[in-house]
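K.L.:
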Amino acid sequence: MDGSGGSGSELTMKYFIIKQENVDPAIFVEFWASKYRYDAGSYKYEEIDKRPLKPDSIRRLFAWKAMQLNRKSIMAGEHPFVETVIDNFDRFNRLPLNTSEDADNFLTNELKDKGMIWKIFTLHIMYPDKYPIFDQNVYRAMHYLQTDTIKEIPSKNCDKQTSYITEYLPFYNAHGYYPDRKLDKALFSFGQFLKIPRERAGGLQADRGGFKADDKSFSDSVR
């Protein structure tokens with residue numbers, strides 16, 4: 004130990020803070036997309052590029068999105084929602100899905116009594132450039148960027164649907180096109196950051212319009 008009271012190992016440590024700074028949207032996207040972490044095991048989002056999508060690719064995409072405990076049943080062809088999507092996928096692809104009104108009709112009339120987040124993901128795997136992924140993290144990010152406050156995604160399916168169609172799609176499209184899902188990754192990462200519990204080191208303080216954090220860890224979140 005040297006005279007400063009510290010050990011030599013401290014020289015290799017990296018200390019940092021995150022502070023609020025107004026930046027252009029493109030800089031925001033670049034920064035937060037670089038923080039994107041999502042562990043889906045052996046399941047890769049790149050399955051979406053295998054057109055036309057076959058049943059096994061559809062299962063792999065839903066396994067990529069799902070919680071780990073659901074992945075086995077999905078890949079075994081035993082998950083009711085995923086198998087319903089597969090059975091109807093050709094018909095879905097023949098439906099008019101060019102506008103937000105078309106998407107709203109799809110979410111209302113197809114896959115009834117199913118979870119809204121996965122219904123939206125079905126739209127996404129059919130038209131990935133038109134209908135972005137929707138989840139708790141991107142909703143949290145959108146709401147904070149728009150209002151400077153943190154709010155969780157609605158619990159009711161009908162409210163999720165309304166938010167996606169009337170809020171998230173216009174918000175997402177207003178940013179323009181980013182390749183490689185970069186905008187989605189940025190919003191997902193930023194939304195994770197906003198979820199860091201206040202009681203953890205440094206906390207998260209957003210009640211006065213800003214935020215700061217002394218903990219860079221991002222929790223594993225289901226897509």
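Take the sequence shown: its position 199, counting from 1, is numbered 202 in the numbering used here, and each next residue is one higher.
The beta-carbon is built from N, C-alpha and C at its ideal position, and this holds for glycine as well.
Predicted, not measured: the structure shown is a model, and the values here were computed from it.
1. Would DSSP call methionine 16 helix, strand or coil?
2. Identify, in the order they occur along the chain, each residue of the same chain with its Cβ nearer than 6 Å to the Cβ of histidine 82, setting aside the five sequence neighbours on each side.
3. Under 8 Å between the Cβ atoms of valine 32 and tyrosine 181?
4. Look at phenylalanine 191 and tyrosine 46 and say whether their C-beta atoms are less than 8 Å apart.
5. From tyrosine 18 to lysine 154, what distance separates their C-alpha atoms?
6. Over the uninterrupted alpha helix (DSSP H) stretch that includes aspartate 90, give me the two end residues.
7. My understanding is that leucine 172 touches methionine 129, with C-beta atoms under 8 Å, so please give their C-beta distance in whole angstroms.
8. Just to check my reading of the structure: arginine 137 and tyrosine 167 have Cβ atoms closer than 8 Å, yes? What is that Cβ distance to the nearest angstrom?
9. Write down the C-beta distance between tyrosine 175 and proline 131 rounded to the nearest angstrom, noting that I regard them as a contact closer than 8 Å.
10. Looking at the structure shown, is alanine 29 part of a helix, part of a strand, or coil, going by DSSP?
11. Where aspartate 27 and histidine 178 are concerned, what is the direct C-alpha to C-alpha distance, given to the nearest angstrom?
12. Within 8 Å (strictly less), CB to CB, does tyrosine 142 reach chain C?
P.N.:
From the atom records:
1. DSSP places methionine 16 in coil when its eight states are reduced to three.
2. Taken in chain order, the residues that qualify are Ser76.
3. yes
4. no
5. 30 Å
6. Aspartate 90 -> alpha helix (DSSP H) spans 83-97.
7. Not quite, the Cβ-Cβ distance comes to about 15 Å (not below 8 Å), so this is no contact.
8. Going by the sequence as given, residue 137 is phenylalanine instead of arginine. Correct: roughly 5 Å between the Cβ atoms.
9. Not really, about 12 Å apart at Cβ, beyond 8 Å.
10. helix
11. 11 Å
12. Going by chain labels, chain C is absent from the structure shown, which holds only one protein chain.
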